[in-house]
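A.B. asks:
Protein chains: 2
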Amino acid sequence: MTLHKIHVHAILGRVSDVAEQGLLQEWHNLSARHAAVFGTLECRLQERHGLGVTEFEALERLVNCVIGKCRAADLTEVVHLSQSATSRLVARLEREGLVQRALCESDRRGIFVVVTDEGRRRYEEAKPTHRAALEETLAEA
Amino acid sequence: MTLHKIHVHAILGRVSDVAEQGLLQEWHNLSARHAAVFGTLECRLQERHGLGVTEFEALERLVNCVIGKCRAADLTEVVHLSQSATSRLVARLEREGLVQRALCESDRRGIFVVVTDEGRRRYEEAKPTHRAALEETLAEA
DNA sequence: GTACACTACATGCATACGCATCTAATGCAA
DNA sequence: TTGCATTAGATGCGTATGCATGTAGTGTAC
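In order, the protein sequence lines correspond to chains A and B.
Okay, so the first sequence: first residue is 1443 according to this note's numbering, each after it adds one.
Okay, so the second sequence: first residue is 1443 according to this note's numbering, each after it adds one.
#1: List the endpoints of the continuous alpha helix (DSSP H) containing B:R1503.
#2: Mind reading off the beta-carbon distance from A:L1580 to B:L1465? Whole number of angstroms is fine, and I expect it under 8 Å.
#3: For A:V1541, which option in A:L1523, A:F1554, A:L1576, A:A1527 has the closest C-alpha, if you only look at C-alpha atoms?
#4: Which residues mark the beginning and the end of the beta strand (DSSP E) in which A:L1517 is found?
#5: Per the DSSP calculation, A:A1544 is bridged to which residue(s)?
#6: Hey, out of A:F1498, A:V1479, A:V1505, whose CA is closest to A:V1521's CA?
#7: From what residue to what residue does the alpha helix (DSSP H) around A:D1559 run?
#8: When you measure from the CB of B:V1460 to every non-hydrogen atom of the ligand SAM, does any distance come out below 8 Å?
#9: What residues of chain B sit near A:R1573, judged by a beta carbon separation below 9 Å?
#10: How long is the line joining the alpha carbons of B:G1481 and B:E1502, rounded to whole angstroms?
#11: Could you check whether A:A1568 and A:V1532 sit closer than 9 Å to each other, using their CB atoms as the reference points?
#12: In angstroms, rounded to a whole number, what distance separates the CA positions of A:E1519 and B:A1478?
#13: Around the C-beta of A:E1566, are 16 or more other C-beta atoms found within 10 angstroms, so that it is buried, or is it exposed?
#14: So which residues on chain B does A:E1484 lean against when the C-beta distance must stay under 7 Å?
#15: Would you kindly work out how many angstroms separate the C-alpha atoms of B:R1475 and A:L1472, rounded to a whole number?
#16: Assuming B:V1557 and B:L1504 are in contact, meaning their beta carbons sit under 8 Å apart, how far apart are those beta carbons, in whole angstroms?
#17: Determine the contact status of A:C1485 and A:R1513, defining contact as a CB-CB distance below 9 Å.
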């Protein structure tokens, strides 16, 4: 191996190290940022409105549906949770009277999740808290 | 209220709506991005190395300490978990032989968490998987 | 129509989490 | 020194999570 090749290796090594450090930094930023925002949201929504972040996001999705209902599977994408966790999330929301399960006539395996008036009320109540927390935690970076 | 003031209100209303939508979008991007990266990391590290994401990040912190040990509280910041969750994380790592708890002479309330040789080995083994997953999931956005 | 693969959602189970609390060590003040 | 507030970490408890699986409805191939 020539001296030249050794130098090339050393340089390529450093280049990939730099790239790796960049990725690592990006991931740590993302992670820290997410933890800060999610943590604040969870805390504020819980203490002031008795809602978890995922409960709130699910309600938001439902309220923004013109028909006020959507399939359980649609909620799964919104909350970034597993299918089973989403199922239990809907169960919690139903237990608190914020949504109702409705049969889906066109595909009787599925269900519609429907916001109740109480659900809309709780969502609208919590919305300013949610937005304020976002502004506070996202602005600072 | 004059017509002028009504217009100003309408404009300010739209301005704050736009700002709100921007924040919302930013949060949803952050959330989706985090879920994608974390989910992939968790999956790959678990199936190929039997490590969770937080276990890996804790090991990384320990290995990068020149002295190979740090206080339990230091790990809490790295993993973005509660103090109690960190305590149990250390317990899991210890049960698997990847770290050891050591008395901290200067402050006998605290402990040092020390990586074992096995811990270093498992970390170095998993590192390429971790980096590849980061590259894959962070590059695409 | 029957059989079979597939999909939507529910649920048992093991595990990880946060909160509240406990224990032990520290440090400061009277 | 004694007393008390504070801090580091461990742990009991209730809850949320994911995985694997169960149940029921759909759609297709024969």
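Just so it is clear, CB atoms sit at the ideal spot from N, CA and C, and this is done for glycine as well.
On a predicted model such as this, the values are computed, not experimentally measured, just so you know.
C.D. replies: By the coordinates alone:
#1: Position 61 of the second sequence, counting from 1, holds the residue named residue 1503 of chain B. Run containing B:R1503: 1495 to 1505, per the alpha helix (DSSP H) assignment.
#2: Counted from its first residue, the first sequence places residue 1580 of chain A at position 138. Counted from its first residue, the second sequence places residue 1465 of chain B at position 23. About 6 Å; that satisfies the 8 Å criterion.
#3: As a working note, residue 1541 of chain A is residue 99 in the first sequence. When each option's Cα is compared against that of A:V1541, the closest is A:F1554.
#4: The count along the first sequence starts at 1 and reaches residue 1517 of chain A at position 75. Here A:L1517 belongs to no beta strand (DSSP E); instead the alpha helix (DSSP H) covers 1514 to 1521.
#5: Against the first sequence, residue 1544 of chain A aligns to sequence position 102. DSSP lists A:F1554 as partners of A:A1544.
#6: Indexing the first sequence from 1 puts residue 1521 of chain A at position 79. Relative to the Cα of A:V1521, the nearest Cα in the group A:F1498, A:V1479, A:V1505 belongs to A:F1498.
#7: Taking the first sequence and counting its residues from 1, the one referred to as residue 1559 of chain A is at position 117. Counting along the chain, the alpha helix (DSSP H) containing A:D1559 begins and ends at 1559 to 1581.
#8: By its list of ligands, the structure shown contains no ligand whatsoever, and the ligand SAM lies outside what it can speak to.
#9: Counting from 1 along the first sequence, the entry for residue 1573 of chain A is found at position 131. Those are E1462, L1465, L1466, listed as they occur along chain B.
#10: Counting from one through the second sequence, the residue named residue 1481 of chain B turns up at place 39. Counting from one through the second sequence, the residue named residue 1502 of chain B turns up at place 60. Computed Cα separation, rounded: 19 Å.
#11: Working through the first sequence from its first residue, we reach residue 1532 of chain A at position 90. Working through the first sequence from its first residue, we reach residue 1568 of chain A at position 126. It is not a contact, given that the beta carbons lie outside the stated cut-off.
#12: Translated into the one-based positions of the first sequence, residue 1519 of chain A becomes position 77. Translated into the one-based positions of the second sequence, residue 1478 of chain B becomes position 36. C-alpha separation (whole angstroms): 11 Å.
#13: Working through the first sequence from its first residue, we reach residue 1566 of chain A at position 124. Under this definition A:E1566 is an exposed residue.
#14: Locating residue 1484 of chain A in the first sequence gives position 42, where the first residue counts as 1. Residues of chain B passing the Cβ test: none, with the nearest at roughly 12 Å.
#15: Residue mapping note: residue 1475 of chain B aligns to position 33 of the second sequence, counting from 1. Residue mapping note: residue 1472 of chain A aligns to position 30 of the first sequence, counting from 1. Cα to Cα, the separation comes out at about 8 Å.
#16: Walking along the second sequence from the start, residue 1557 of chain B turns up at place 115. Walking along the second sequence from the start, residue 1504 of chain B turns up at place 62. Yes, B:V1557 and B:L1504 are in contact; Cβ-Cβ is about 4 Å, under 8 Å.
#17: Taking the first sequence and counting its residues from 1, one reaches residue 1485 of chain A at position 43. Taking the first sequence and counting its residues from 1, one reaches residue 1513 of chain A at position 71. Not closer than 9 Å, so no.
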